[in-house]
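Protein chains: 2
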Amino acid sequence: MAQAPGPGKQVQIAHIATQHYLQNKTRIEIANETGLSRFKVGRLLDEAVSSGIVKIHIASPSGVRLDLSVQLRERFGLEHAVVVDVPSDADEVIQAKLGSTAGDLLRELLTDEDVLGLTSGRTLNAMARSLNELPKCGVVQLAGVAGPIQETGLEIMRRVSAIAGVRPWTIYSPLVVSDAQAAVGIRRQPDTRQTFEQFSKVTVAVGSVGSWKPENSQMVKNRALDPADREKLLERGVVAEFGATLVTDTGSVIHDIDDRCIAISEAQWRAIPTVIAVAGGPTKTRAIRAVLASGILKGLVTDAATAERLLGG
Amino acid sequence: MAQAPGPGKQVQIAHIATQHYLQNKTRIEIANETGLSRFKVGRLLDEAVSSGIVKIHIASPSGVRLDLSVQLRERFGLEHAVVVDVPSDADEVIQAKLGSTAGDLLRELLTDEDVLGLTSGRTLNAMARSLNELPKCGVVQLAGVAGPIQETGLEIMRRVSAIAGVRPWTIYSPLVVSDAQAAVGIRRQPDTRQTFEQFSKVTVAVGSVGSWKPENSQMVKNRALDPADREKLLERGVVAEFGATLVTDTGSVIHDIDDRCIAISEAQWRAIPTVIAVAGGPTKTRAIRAVLASGILKGLVTDAATAERLLGG
DNA sequence: GCATGCTTTGCTCATATGAGCACTACTAAT
DNA sequence: ATTAGTAGTGCTCATATGAGCAAAGCATGC
Numbered sequence: 061m062a063q064a065p066g067p068g069k070q071v072q073i074a075h076i077a078t079q080h081y082l083q084n085k086t087r088i089e090i091a092n093e094t095g096l097s098r099f100k101v102g103r104l105l106d107e108a109v110s111s112g113i114v115k116i117h118i119a120s121p122s123g124v125r126l127d128l129s130v131q132l133r134e135r136f137g138l139e140h141a142v143v144v145d146v147p148s149d150a151d152e153v154i155q156a157k158l159g160s161t162a163g164d165l166l167r168e169l170l171t172d173e174d175v176l177g178l179t180s181g182r183t184l185n186a187m188a189r190s191l192n193e194l195p196k197c198g199v200v201q202l203a204g205v206a207g208p209i210q211e212t213g214l215e216i217m218r219r220v221s222a223i224a225g226v227r228p229w230t231i232y233s234p235l236v237v238s239d240a241q242a243a244v245g246i247r248r249q250p251d252t253r254q255t256f257e258q259f260s261k262v263t264v265a266v267g268s269v270g271s272w273k274p275e276n277s278q279m280v281k282n283r284a285l286d287p288a289d290r291e292k293l294l295e296r297g298v299v300a301e302f303g304a305t306l307v308t309d310t311g312s313v314i315h316d317i318d319d320r321c322i323a324i325s326e327a328q329w330r331a332i333p334t335v336i337a338v339a340g341g342p343t344k345t346r347a348i349r350a351v352l353a354s355g356i357l358k359g360l361v362t363d364a365a366t367a368e369r370l371l372g373g
Numbered sequence: 061m062a063q064a065p066g067p068g069k070q071v072q073i074a075h076i077a078t079q080h081y082l083q084n085k086t087r088i089e090i091a092n093e094t095g096l097s098r099f100k101v102g103r104l105l106d107e108a109v110s111s112g113i114v115k116i117h118i119a120s121p122s123g124v125r126l127d128l129s130v131q132l133r134e135r136f137g138l139e140h141a142v143v144v145d146v147p148s149d150a151d152e153v154i155q156a157k158l159g160s161t162a163g164d165l166l167r168e169l170l171t172d173e174d175v176l177g178l179t180s181g182r183t184l185n186a187m188a189r190s191l192n193e194l195p196k197c198g199v200v201q202l203a204g205v206a207g208p209i210q211e212t213g214l215e216i217m218r219r220v221s222a223i224a225g226v227r228p229w230t231i232y233s234p235l236v237v238s239d240a241q242a243a244v245g246i247r248r249q250p251d252t253r254q255t256f257e258q259f260s261k262v263t264v265a266v267g268s269v270g271s272w273k274p275e276n277s278q279m280v281k282n283r284a285l286d287p288a289d290r291e292k293l294l295e296r297g298v299v300a301e302f303g304a305t306l307v308t309d310t311g312s313v314i315h316d317i318d319d320r321c322i323a324i325s326e327a328q329w330r331a332i333p334t335v336i337a338v339a340g341g342p343t344k345t346r347a348i349r350a351v352l353a354s355g356i357l358k359g360l361v362t363d364a365a366t367a368e369r370l371l372g373g
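Read top to bottom, the protein sequences are chains A and U. Heads up: take any position in the first sequence, counting from 1, add 60, and you land on my numbering. Heads up: take any position in the second sequence, counting from 1, add 60, and you land on my numbering.
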């Protein structure tokens, strides 16, 4: 009888379990109604669980994989880990879902007093598009825009700041320029300089992760980064970029081209209380693992398959 | 936020709910570990349930439909109601499943001191075949055997008593005979009389239900019951038989042919502390409802579809 | 500016609950 | 029979928990 109570007892257990778990009656109430002692009721309830009659499921009604989220949080010491179930593994679908989830997370985290920092990227673009409500927090662009489609980077800023109802601090510049001199010149521009001065005030930052191995990031494709540069950085072990911060598998940061980047620095990243990465998909797994290893992140929004790969390896 | 907490909160709730429900930590332990107050933990756990993150399922691992069992028990005031899920609605499959379930129930209910009473019927035959263990309780046949295949009725007694390891009290006679005189003669036989004397000692009885509308019972097909008798009884409203006790839709008992039946009487049925019917299938629904209405039963073992029909109408 | 509700928080105190124990009722072996 | 062994039961007492409350934040109105 250890494994399976008889059918009569099963029904009795079910009755008690229903009263207790579904109708929130106390063991004592049930005991009075059934004529059993409260101890007996308690033991039957224990048996209800141990015999498998009562099953407790913990799952989000809205596609958040809570089990993986919790595991991810504990494994990588994150404060905010959100793993969503994405039925498809098409990049666009993943990005849309991650974006909207990150948007929900932001709406939850941000208050009027916060200052939000953003980088660019397709996932963040999806996030910006899904947002429809935000507190009146400051909005700061943390990096120049990489790749040919600079509009999207600015579109993120425009949309997010419009929803927050504030003027954004923007950076009208590429992420990487050809030489340090040019970078100095750009950083001297009043607009840019003012935005850079906001970095220290940022309380919540959201960034996407770019992958260098495989090469699937806007930065690698940047014209200012010629094949020789790229080759050298790959040899140095760079596998990921977060903003313009380049990271190796072990999580150490490569500063070789810092002087040519128009973006928040590693130290400034680390000074922000809450830094959240939004990224997913098979090609980005290695890069995400690297950025996690760097210790910059306090949060991660990713898809279930990626979370499993991160936890599995 | 009433309906859906943000993803960050969902993860927090999931973490707490996991700790509490799956790892049996107290709210106070969780509060200490997370730095929240125990009140906060309690409120988050409430939210876990109300927001649908925690779902509690009550279902039997062994095919017993506990929800229906409990409903049936309360609706018809039964002590033992067991509803089993039967995938097929073929009579044979239903009977086999009901039989084995009734057997489990018997093994659970019976002790050495009990005296088990049995009628015949295909479902009880299935029960007898599925039994493989019983206490050494007395075994009493409660009714003569109807229909052409008298062997099965005796086979039930043979098998059950063999498993219990005792000598059974049997009735070597048809259920209905052609006239009262013949019945008196049969009842006078020492064997039969001794068995009848056991009826008052029976503590647990199991019987099957025969349907008269539609006509699907061994008794209706009995040779001793000629078409005229049958017609008269149907006109009197008989829709079911339990042993040789004939019942109408309203649950009242028709005694017209009592003097021609070799079986336990209505009054004797009612004197047995625990009377359980085992029956199911679409054709028997009306009959089962009638026998339930008679108030003779303390228990019922049936299939899910029948239970739903009983509860629905 | 200051009232005004409304939510959130942690408190007190009565109540519910669990751990461990002693007691009974069987079982099974000597 | 006697004896130990093994559930099963209900107890005591320390602990966990819930209901209801008061204080603190917080938005919103005038």
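All C-beta atoms in this analysis are idealised placements derived from N, C-alpha and C, irrespective of residue type, glycine included. This one's a predicted model, so the numbers in the text were calculated from it and none came from an experiment.
Environment of residue i [buried if 16+ CB atoms lie within 10 Å]
i               : result
T171 of chain U : exposed
P67 of chain A  : buried
T252 of chain A : buried
E193 of chain U : exposed
S97 of chain U  : exposed
E107 of chain A : buried
V114 of chain A : buried
A65 of chain U  : Just to set this straight, residue 65 of chain U is Pro in the shown sequence, not Ala. Label assigned to P65 of chain U: buried.
A62 of chain U  : Model confidence at A62 of chain U stands at a pLDDT of 39, short of 50, so the residue's coordinates are unreliable; what they give is reported in the following sentence. By the neighbour-count rule (16 or more Cβ atoms within 10 Å), A62 of chain U is not buried but exposed.
D164 of chain A : buried
F99 of chain U  : exposed
I154 of chain A : buried
P228 of chain A : buried
Proximity below 8 Å, CB of residue i to CB of residue j
i               : j               : result
V144 of chain A : V175 of chain A : no
I314 of chain U : R290 of chain U : no
Q278 of chain A : G181 of chain A : yes
S260 of chain A : Q70 of chain U  : no
I90 of chain U  : I116 of chain A : no
V109 of chain U : I76 of chain U  : no
L202 of chain A : V220 of chain A : no
S233 of chain U : I246 of chain U : yes
Assigned secondary structure, residue i (DSSP; H/G/I helix, E/B strand, else coil)
i               : result
H75 of chain A  : helix
E89 of chain A  : helix
Q249 of chain A : coil
D318 of chain A : helix
M61 of chain U  : Confidence at M61 of chain U is low in this model, with a pLDDT of 36, below 50, so the placement of that residue is unreliable and no value is reported for it.
I324 of chain U : coil
I332 of chain A : coil
K358 of chain A : coil
N276 of chain A : strand
A242 of chain A : helix
Q254 of chain A : helix
G198 of chain A : strand
T305 of chain A : strand
K115 of chain U : strand
Rounded distance between the beta-carbons of residue j and residue i, thought under 8 Å
i               : j               : result
V226 of chain U : L214 of chain U : About 16 Å; that fails the 8 Å criterion.
A300 of chain U : V269 of chain U : 6 Å
K273 of chain A : R369 of chain A : 15 Å between Cβ atoms; not a contact.
I324 of chain A : G311 of chain A : Between G311 of chain A and I324 of chain A the Cβ distance is about 18 Å, and since that is not below 8 Å, they are no contact.
D363 of chain A : G340 of chain A : 4 Å
Rounded straight-line distance, which links the Cα of residue j to that of residue i
i               : j               : result
D149 of chain A : P195 of chain U : 60 Å
L158 of chain U : G177 of chain U : 18 Å
A337 of chain U : N282 of chain U : 21 Å
L184 of chain U : G267 of chain U : 7 Å
A350 of chain U : A141 of chain A : 60 Å
G355 of chain U : I223 of chain U : 31 Å
A156 of chain U : S129 of chain U : 19 Å
S160 of chain A : C321 of chain A : 29 Å
V335 of chain U : D151 of chain U : 23 Å
A284 of chain A : A365 of chain A : 34 Å
E134 of chain A : L126 of chain U : 38 Å
Residue i Cβ short of 7 Å to the ligand NAD heavy atom set
i               : result
G159 of chain U : Questions concerning the ligand NAD fall outside what the structure shown contains, since it holds no ligand whatsoever.
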